[in-house]
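Protein sequence lines correspond, in order, to chains A and B.
For what it's worth, this note's numbering labels the leading residue of the first sequence as 1, then goes sequentially.
For what it's worth, this note's numbering labels the leading residue of the second sequence as 1, then goes sequentially.
Just so it is clear, CB atoms sit at the ideal spot from N, CA and C, and this is done for glycine as well.
For reference, the structure discussed in these notes is given below.
There are 2 protein chains.
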Amino acid sequence: MSDFFVGQSASMSKQFSQEEVDAFSKMSLDINPIHLDEAYAAKTLFGRRIIHGFLSGSLISAVIGNILPGEGAIYLHQDMDFRKPAYTDDVLTATVTVERINPEKHILYLNTVCTNEKKEVVIEGSAVVKYYPKDK
Amino acid sequence: MSDFFVGQSASMSKQFSQEEVDAFSKMSLDINPIHLDEAYAAKTLFGRRIIHGFLSGSLISAVIGNILPGEGAIYLHQDMDFRKPAYTDDVLTATVTVERINPEKHILYLNTVCTNEKKEVVIEGSAVVKYYPKDK
């Protein structure tokens, strides 16, 4: 038996700050100037500093870890197409939707998308997650 | 012309601290207790707290953003299979290897793997990255 159903969906929203981008650079060791150096970023096609794809994408992980399926989740797979840059003045919303369920193996196949406040898709992809494992 | 070649490879290593895992939980909003609560984690099949997949995976992004292809990189795609849990006492190494190059479109197709100090694969996947864009 599964408490989940196809089409079930959950979302979380967040605006990342430049302080968080800076902290994530230190943490991840990804110090590409496109995330850190405003003068450098102004000369690129992005026009200004962008958020790391793994930081904006982590909001997808938050929905999976907190809500759908939440506690007991075991992350098996995530893929992400980075469609548009995300900026610190964007309010990002990660939405996770159940596309398929394998109730025998307790596996959810999820559509995962991250949009900005203009409803533009920033990240599009899918995830595979095990839920409520019986085996300790 | 491309400065890159098939088989070219770059790596970075790091040991994440629990303080970084805690900070990443706050930043990403992923507060699943498997990352934060040692007593809770001890009762799961992991036995102890594990690092967020997006935090260990961010080391892949660091290799791409810093080294291969480094400055000017535009991240188009990343997929990750989470093979094994990563812990704060692991020294993780992300290795990125060029599998294919499209020199006309300036695109690298990369194999991306994250291993622990026992050479066990923690994350396996691939990435697609644009390098040195001419436009703008």
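Item to complete: Mind the definition here: the segment 3-20 of chain B touches the segment 87-105 of chain A only if three or more C-beta pairs lie below 8 angstroms; say whether that holds.
Response: no
Worksheet item: Are the beta-carbon atoms of B:Ala170 and B:Leu110 separated by less than 8 angstroms?
Response: In the structure as shown, chain B starts at 1 and stops at 136, and residue 170 of chain B therefore has no counterpart that could be examined.
Worksheet item: Would A:Ile123 pass as a contact of A:Phe82 if the rule is Cβ separation under 8 angstroms?
Response: On the first sequence, position 123 is the one that residue 123 of chain A refers to. On the first sequence, position 82 is the one that residue 82 of chain A refers to. Yes, the Cβ-Cβ distance between A:Ile123 and A:Phe82 is below 8 angstroms.
Worksheet item: Are the C-beta of B:Gly65 and some C-beta of chain A separated by less than 8 angstroms?
Response: Start at 1 with the first residue of the second sequence, and residue 65 of chain B comes out as number 65. Yes, contact with chain A.
Discussion item. DSSP three-state label for A:Tyr132, please.
Written reply: As a first step, residue 132 of chain A is located in the first sequence; it is residue number 132 there, counting from the start. A:Tyr132: coil per DSSP, three-state reduction.
Practice prompt. On a CA-only basis, which of A:Ala42, A:Ala10, A:Ile50, A:Asp3 is nearest A:Phe24? Give me that one, please.
Written response: Counting from 1 along the first sequence, the entry for residue 24 of chain A is found at position 24. Of the listed residues, the one whose Cα sits closest to A:Phe24 is A:Ile50.
Fill in: Start and end residues, alpha helix (DSSP H) containing A:Leu36
Here residue 36 of chain A is taken as the residue at index 36 of the first sequence, counted from 1. Looking at the DSSP string, the run of the alpha helix (DSSP H) that includes A:Leu36 is 33-36.
Worksheet item: Roughly how many whole angstroms lie between the Cα atoms of A:Gly53 and A:Ala86?
Response: The residue labelled residue 53 of chain A in the question sits at position 53 within the first sequence. The residue labelled residue 86 of chain A in the question sits at position 86 within the first sequence. Whole-angstrom Cα-Cα distance: 8 angstroms.
Discussion item. Is there a Cβ of chain C sitting closer than 8 angstroms to that of B:His77, yes or no?
Written reply: You won't find chain C in this structure, because its protein chains are A and B.
Worksheet item: When DSSP labels each residue in this structure, what does B:Ile123 get in the three-state scheme?
Response: Within the second sequence, the letter at position 123 stands for residue 123 of chain B. Strand, per DSSP.
Practice prompt. Keeping to the same chain, check which residues put their C-beta closer than 6 angstroms to that of B:Met80; ignore five residues upstream and five downstream.
Written response: For the purposes of this step, residue 80 of chain B is taken as the residue at position 80 of the second sequence. Closer than 6 angstroms at Cβ, skipping near neighbours: Gly57, Ile123, Gly125.
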